[in-house]
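Residue numbers (UniProt numbering): 1 to 516.
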């Protein structure tokens, strides 16, 4: 995805949606994803120096994100937290809704690792609301939704993660397998708390997904997933054969998570076939592999299967006590999981209520004809101009020339069309942080976060853009523009009066003029 621009609409380098140094950032992410966390941090620090020198802010954000993921992989949560906060502030400042949602999901994972569950659920809820307001079916939306699903999975919020993966599956089948993994662990946990029918439903869905993939993409990792689902569904003969066929390949290849799945599938199958001692060895092998790093829900699953196997080996009181203890722990963990899920839903309701209130407030401050801010919004903005402000500010007061004649000759509906066209031109000339409002009738105001020189340039560009616009084939509009720049000690009312006097001068000089 690249555009090419220059004098003849071409440039010798591509301009992408990412920063020009994005390949360096991708290298950092690749190192982090492949377990080379220390190398990723070293590379990120070196590349950040370069990206900041050339002011490649997009690559800076991408590099910071890669470094943060590497720190999390090393368990250095306290060092990752300020990076996550910096990313969140950066995305908000850039006005990126999806970027903010993704940053909130990363921050939620950090809060989860720190045991701050309320903050984790609040951030996830906020991210979910933002995702619901952003355009779907785009790469950025899929990336943010994947981050949401990852964070929800880490918190064992299978319901939220599964919903996210279902949405992702509608746009691309590449998320089928992560969805199948979520369903698989969800089904195992449901079975362990006695919710058999719900467990079988999730396990069958997981098996359907992996079976379809195996028909066209034979792979040991998918085979292990499929074997574990089948084993828990009672199809132990097939499950045992599949698990044995891939278990050593997965272990020697370092695919520890899928090797654990294969050991679990083999252990469950062997126990069902009357070989509890051999089954116990498989579960212990799966437990030993958790030392290489594991999901938070894997240890309780392995522990439960071990305790269940201990009952088969020895049905004495000690084994029964052990199983009851483990079963109690599993049920308590499930109860805590349900509490987190309830917290997420409550936080989501609060966020949706707040979002609805904010939308209502925006509507109150919005002009229905042009979509710009209205007079009430103008009053708020001009009232916020402090005599002691530090940031630059220039006010552009814009008035349509001879607008009454347009209504009289062409009708009010054409006049409304003209107002909307002018509003679109004003909006196009506003950058992040600037704001255009409809002050009254055919008068508009732009609050420009720049000094006098920039204000004069923007005013002149707007004047020329309106003059060149074809509202109708026989209708050409012009505007007069008054430009005033805030100076120390000036109130908002004084700034507006200064812009109004410049506008008056522009009109008396013959209209279609910018007066500074």
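Here a beta-carbon is modelled for each residue, glycine too, at the ideal position from N, C-alpha and C. Values in this document were obtained by computation on a predicted structure and should not be read as measured data.
Classification of residue i by the beta-carbon crowding that lies within 10 angstroms, buried from 16 upward
| i | result |
| --- | --- |
| residue 186 | buried |
| residue 510 | exposed |
| residue 224 | buried |
| residue 123 | buried |
| residue 58 | buried |
| residue 141 | buried |
| residue 331 | exposed |
| residue 147 | buried |
| residue 368 | exposed |
| residue 51 | buried |
| residue 226 | buried |
| residue 343 | buried |
| residue 13 | Low confidence applies to residue 13: its pLDDT is 48, below 50, so where it sits in the model is not reliable enough to give any reading. |
| residue 217 | exposed |
| residue 248 | exposed |
| residue 2 | Confidence at residue 2 is low in this model, with a pLDDT of 38, below 50, so the placement of that residue should be treated as unreliable; the coordinate-derived value is given next. Under this definition residue 2 is an exposed residue. |
| residue 102 | buried |
| residue 442 | buried |
| residue 318 | exposed |
| residue 451 | exposed |
| residue 56 | buried |
| residue 293 | exposed |
| residue 5 | Low per-residue confidence applies at residue 5: pLDDT is 37, beneath 50, and the placement is therefore not dependable, though the value from the model is reported in the following sentence. With fewer than 16 Cβ atoms within 10 Å of its Cβ, residue 5 is classed as exposed. |
| residue 336 | exposed |
| residue 75 | exposed |
| residue 127 | buried |
| residue 53 | exposed |
Proximity to residue i [Cα-Cα], best of the options
| i | options | result |
| --- | --- | --- |
| residue 230 | 195, 215 and 188 | 188 |
| residue 235 | 272, 42, 460 and 417 | 272 |
| residue 31 | 73, 55, 138 and 21 | 73 |
| residue 307 | 69, 293, 350 and 281 | 281 |
| residue 206 | 112, 190, 178 and 215 | 178 |
| residue 269 | 487, 240 and 126 | 240 |
| residue 456 | 432, 506, 475 and 476 | 506 |
| residue 202 | 132, 344, 233 and 215 | 233 |
| residue 424 | 359, 462 and 502 | 462 |
| residue 242 | 222, 255 and 252 | 222 |
| residue 427 | 453, 404, 55 and 371 | 371 |
| residue 24 | 43, 39 and 35 | 43 |
| residue 447 | 412, 384, 464 and 504 | 384 |
| residue 62 | 79, 76 and 86 | 86 |
| residue 120 | 130, 109, 128 and 129 | 109 |
| residue 391 | 347, 489 and 335 | 489 |
| residue 328 | 193, 176 and 309 | 193 |
| residue 200 | 210, 183 and 209 | 183 |
| residue 115 | 197, 256, 77 and 433 | 77 |
| residue 288 | 256, 495, 402 and 317 | 256 |
| residue 460 | 513, 349 and 56 | 513 |
| residue 486 | 454, 471 and 406 | 454 |
| residue 118 | 197, 296 and 339 | 339 |
| residue 498 | 476, 195 and 445 | 445 |
| residue 152 | 106, 474 and 197 | 106 |
| residue 39 | 68, 191 and 297 | 68 |
Expected contact under 8 Å - CB spacing of residue i and residue j to nearest Å
| i | j | result |
| --- | --- | --- |
| residue 449 | residue 382 | In fact, because the Cβ distance is near 14 Å, the residues do not count as touching under 8 Å. |
| residue 112 | residue 155 | 5 Å |
| residue 29 | residue 66 | 4 Å |
| residue 305 | residue 283 | 5 Å |
| residue 70 | residue 46 | With a Cβ gap of about 13 Å, residue 70 and residue 46 do not count as contacting. |
| residue 303 | residue 326 | 6 Å |
| residue 469 | residue 421 | 6 Å |
| residue 134 | residue 347 | Contact flag wrong, Cβ pair sits at about 19 Å. |
| residue 266 | residue 259 | Actually they do not touch by this definition, with Cβ atoms about 11 Å apart. |
| residue 157 | residue 144 | Their Cβ separation, rounded to whole angstroms, is 17 Å, which puts residue 157 and residue 144 out of contact at 8 Å. |
| residue 279 | residue 309 | 5 Å |
Cβ-heavy atom distance, residue i to the ligand GTP, below 7 Å
| i | result |
| --- | --- |
| residue 404 | Absence of the ligand GTP from the depicted structure is noted, as is the absence of any ligand whatsoever, leaving it without description. |
**Request:** Examine the Cβ distances between the segment 321-336 and the segment 81-99 and report whether three or more of them are shorter than 8 Å.
**Result:** no
**the segment 345-363 contacting the segment 412-419, beta-carbon criterion three pairs below 8 Å** = Segments in contact, no.
**Item:** alpha helix (DSSP H) runs contained entirely in the segment 312-342, provided each spans 4 or more residues
**Value:** Here no run is fully enclosed.
**Prompt:** Any contact of the segment 430-439 with the segment 374-388, i.e. 3+ C-beta pairs under 8 Å?
**Reply:** yes
**Message:** Threshold first: 4 residues or longer. Then list the alpha helix (DSSP H) segments lying entirely within the segment 22-104, N to C.
**Reply:** 22-33, 37-53, 57-73 and 77-93
**Item:** Stretch-stretch touch, CB-based, cutoff 8 Å, three pairs: the segment 382-399 with the segment 470-483
**Value:** Judged by pairs of C-beta atoms under 8 Å, the segment 382-399 touches the segment 470-483, as three or more such pairs exist.
**Message:** Runs of 4 residues minimum, wholly inside the segment 139-206: which ones carry the alpha helix (DSSP H) assignment?
**Reply:** 139-154, 158-171 and 176-192
**Item:** Continuous beta strand (DSSP E) assignments of at least 3 residues falling wholly in the UniProt domain "GGDEF" (391-516)
**Value:** 394-400, 435-440, 443-448 and 479-485
**Request:** Write down every uninterrupted run of the alpha helix (DSSP H) in the segment 273-310 whose length is 4 residues or greater and which is fully enclosed by it, in chain order.
**Result:** 276-289
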